[in-house]
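S.K.: Chains as they are written, first to last, in my numbering: chain S, 434 to 587; chain Z, 434 to 587. Beta carbons are placed, not taken as given, at the ideal position from N, Cα and C, and that holds for glycine.
There are 2 protein chains.
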Amino acid sequence: MNVEFVNPILVSILNVLSTMAKIDAKPGRPAVKQGDVSRGDVTGIIGMTGSKARGSIAISFPEPVILDIAKRMLNEEPAGVDATVTDLVGEIINMVSGGAKKLLGDQGYDFDMALPAVVSGKNHVVDHKSRGPKIILPFTVDTGVFFVEICFEN
Amino acid sequence: MNVEFVNPILVSILNVLSTMAKIDAKPGRPAVKQGDVSRGDVTGIIGMTGSKARGSIAISFPEPVILDIAKRMLNEEPAGVDATVTDLVGEIINMVSGGAKKLLGDQGYDFDMALPAVVSGKNHVVDHKSRGPKIILPFTVDTGVFFVEICFEN
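(1) In chain S, what lies closer than 8 Å to residue 482 (chain Z) by C-beta?
(2) Roughly how many whole angstroms lie between the Cα atoms of residue 501 (chain Z) and residue 492 (chain Z)?
(3) Measuring only between beta-carbons, confirm whether residue 517 (chain Z) sits less than 8 Å from chain S.
(4) Give the residues of chain Z in contact with residue 556 (chain S), contact being defined as C-beta atoms less than 7 Å apart.
(5) At 4 residues or longer, what runs of the alpha helix (DSSP H) sit wholly inside the segment 445-513 of chain S?
(6) Return the Cβ separation of residue 511 (chain Z) and residue 518 (chain Z) in integer angstroms, given the expectation that the two are a contact with Cβ distance under 8 Å.
(7) Leaving out five residues before and five after residue 556 (chain S) in sequence, what residues of the same chain have Cβ atoms less than 8 Å from its Cβ?
(8) For residue 460 (chain Z) and residue 569 (chain Z), I'd like the C-alpha separation in whole angstroms.
(9) Could you pull out every residue in the same chain whose Cβ sits closer than 7 Å to the Cβ of residue 550 (chain S), ignoring the five residues on either side in sequence?
(10) Would you say residue 533 (chain Z) faces chain S, with C-beta separation under 8 Å as the test?
(11) Name the one or two DSSP bridge partners that residue 573 (chain Z) has.
(12) Check whether chain S comes within 8 Å of residue 523 (chain Z), counting only Cβ atoms and requiring the distance to be less than that.
(13) Who are the near neighbours of residue 545 (chain Z) in its chain, counting only those whose CB is closer than 6 Å to its CB and skipping five residues on each side?
(14) Does the beta-carbon of residue 577 (chain S), which I'm using as the reference point, lie nearer than 7 Å to any heavy atom of the ligand MG?
(15) Check whether the Cβ of residue 510 (chain Z) lies closer than 8 Å to any Cβ atom in chain S.
(16) Please identify, using Cβ separations under 8 Å, the residues of the segment 558-573 of chain S that lie next to chain Z, in order along the chain.
(17) With DSSP collapsed to three states, give me the class of residue 585 (chain Z).
(18) Any beta carbon of chain S sitting closer than 8 Å to that of residue 586 (chain Z)?
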């Protein structure tokens with residue numbers, strides 16, 4: 434996959450969390466995903482297709498992290514990962530991919546976005562079925578660490 | 434969503450299972466999804482984007498059903514939902530969407546497919562974040578019932 438894709442996605446995530454939830458997330462070191470590292474309690478995933486590349490982005494949140502984000506965005510804290518929270522994760526991944534699409538467009542890569550899906554359940558594992566490496570990016574916030582997986586073929 | 438999309442996807446699923454696994458699946462009655470009905474142990478999901486519509490297809494298998502399909506396709510039965518099985522589910526959803534893309538193309542709907550993702554874990558829930566109704570299709574096979582969710586905006 435093209436490493437040029439990583440930074441626009443990273444920037445878009447920081448923008449979304451900073452603008453929508455007033456959270457400064459600290460990005461960690463990108464790594465090539467080995468095995469099934471990314472386990473969250475709720476994961477948003479979206480496919481992006483373009484003439485030059487296609488791929489998907491997933492964001493996987495532990496429950497305490499997404500409940501805090503929900504509290505900040507909605508001004509009330511849900512009791513658990515309910516429909517309000519999965520809707521919010523769908524909106525977050527939509528905004529992240531929308532921002533990334535714009536930044537990638539500036540680099541000459543045009544994408545159409547698929548509809549997002551949100552997966553919930555303790556210990557679920559999301560495995561992108563791409564040929565080639567997947568990049569995993571950890572982000573640290575006050576309430577824990579969440580992970581972004583980036584996976585493109587081109 | 435356009436109900437014209439349901440039959441090509443249904444036909445493609447029957448084709449894939451019949452050709453690849455020698456399984457005759459019996460489709461049940463399509464229903465509008467209410468709440469989070471589709472819970473499987475392993476789910477393949479793929480986004481499709483086109484100029485006239487965009488959406489996603491998910492197939493969610495209980496463990497006994499996918500292990501039997503794996504045995505028939507690979508000539509050995511995996512002990513559980515391991516990497517071999519998630520790879521297989523990725524291939525199945527790829528083949529299903531590839532077949533559906535061809536049939537939908539004949540109807541004048543062109544799609545690009547995103548990369549598939551496969552989600553595993555007991556009691557996970559996959560929620561398509563689309564405006565409008567989602568169609569859920571049950572399929573009965575000897576080892577149980579699996580579900581297909583179809584979700585398009587157009």
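M.R.: According to the data block:
(1) As a working note, residue 482 (chain Z) is residue 49 in the second sequence. For a Cβ distance threshold of 8 Å, residue set 480, 482, 545, 546, 547 of chain S lies close to residue 482 (chain Z), ordered along the chain.
(2) Residue mapping note: residue 501 (chain Z) aligns to position 68 of the second sequence, counting from 1. Residue mapping note: residue 492 (chain Z) aligns to position 59 of the second sequence, counting from 1. Between the alpha carbons of residue 501 (chain Z) and residue 492 (chain Z) lies a distance of about 15 Å.
(3) Sequence index remark: in the second sequence, residue 517 (chain Z) carries index 84 (1-based). So no, residue 517 (chain Z) is outside the interface.
(4) Numbered from its first residue, the first sequence carries residue 556 (chain S) at position 123. Going along chain Z in sequence order, the residues near residue 556 (chain S) (Cβ under 7 Å) are 554.
(5) Correct list: 496-507.
(6) As a position in the second sequence, residue 511 (chain Z) is number 78, starting the count at 1. As a position in the second sequence, residue 518 (chain Z) is number 85, starting the count at 1. The beta-carbon distance between residue 511 (chain Z) and residue 518 (chain Z), rounded to whole angstroms, is 5 Å. This is short enough to meet the 8 Å contact definition.
(7) Numbered from 1 along the first sequence, position 123 holds the residue referred to as residue 556 (chain S). Taken in chain order, the residues that qualify are 472.
(8) Residue mapping note: residue 460 (chain Z) aligns to position 27 of the second sequence, counting from 1. Residue mapping note: residue 569 (chain Z) aligns to position 136 of the second sequence, counting from 1. Rounded to whole angstroms, residue 460 (chain Z) to residue 569 (chain Z) spans 11 Å at the Cα level.
(9) By one-based count along the first sequence, residue 550 (chain S) stands at place 117. Short of 7 Å from the beta carbon of residue 550 (chain S), and not among the five residues preceding or following it, lie these beta carbons of its own chain, in chain order: 478.
(10) In the second sequence, the residue the question calls residue 533 (chain Z) occupies position 100. No, no contact with chain S.
(11) Taking the first residue of the second sequence as 1, we reach residue 573 (chain Z) at position 140. The partner list for residue 573 (chain Z) (beta bridge, DSSP) reads Z:459, Z:578.
(12) Here residue 523 (chain Z) is taken as the residue at index 90 of the second sequence, counted from 1. Interface residue, yes.
(13) What you label residue 545 (chain Z) is simply residue 112 of the second sequence in a count that begins at 1. Sequence-distant Cβ neighbours of residue 545 (chain Z) in its own chain, meaning closer than 6 Å and more than five residues away, are 482.
(14) Looking for the ligand MG in the displayed structure turns up nothing, as the structure carries no ligands at all.
(15) Your numbering for residue 510 (chain Z) matches position 77 in the second sequence. Interface criterion not met: the Cβ of residue 510 (chain Z) is under 8 Å from no Cβ in chain S.
(16) Residues of the segment 558-573 of chain S with a Cβ closer than 8 Å to any Cβ of chain Z, in chain order: 558, 559, 560, 561, 562, 563.
(17) Position 152 of the second sequence, counted from the first residue, corresponds to residue 585 (chain Z). Residue 585 (chain Z) falls in the strand class under three-state DSSP.
(18) The residue you call residue 586 (chain Z) lines up with position 153 of the second sequence. Nearest CB-CB separation between residue 586 (chain Z) and chain S: below the 8 Å threshold.
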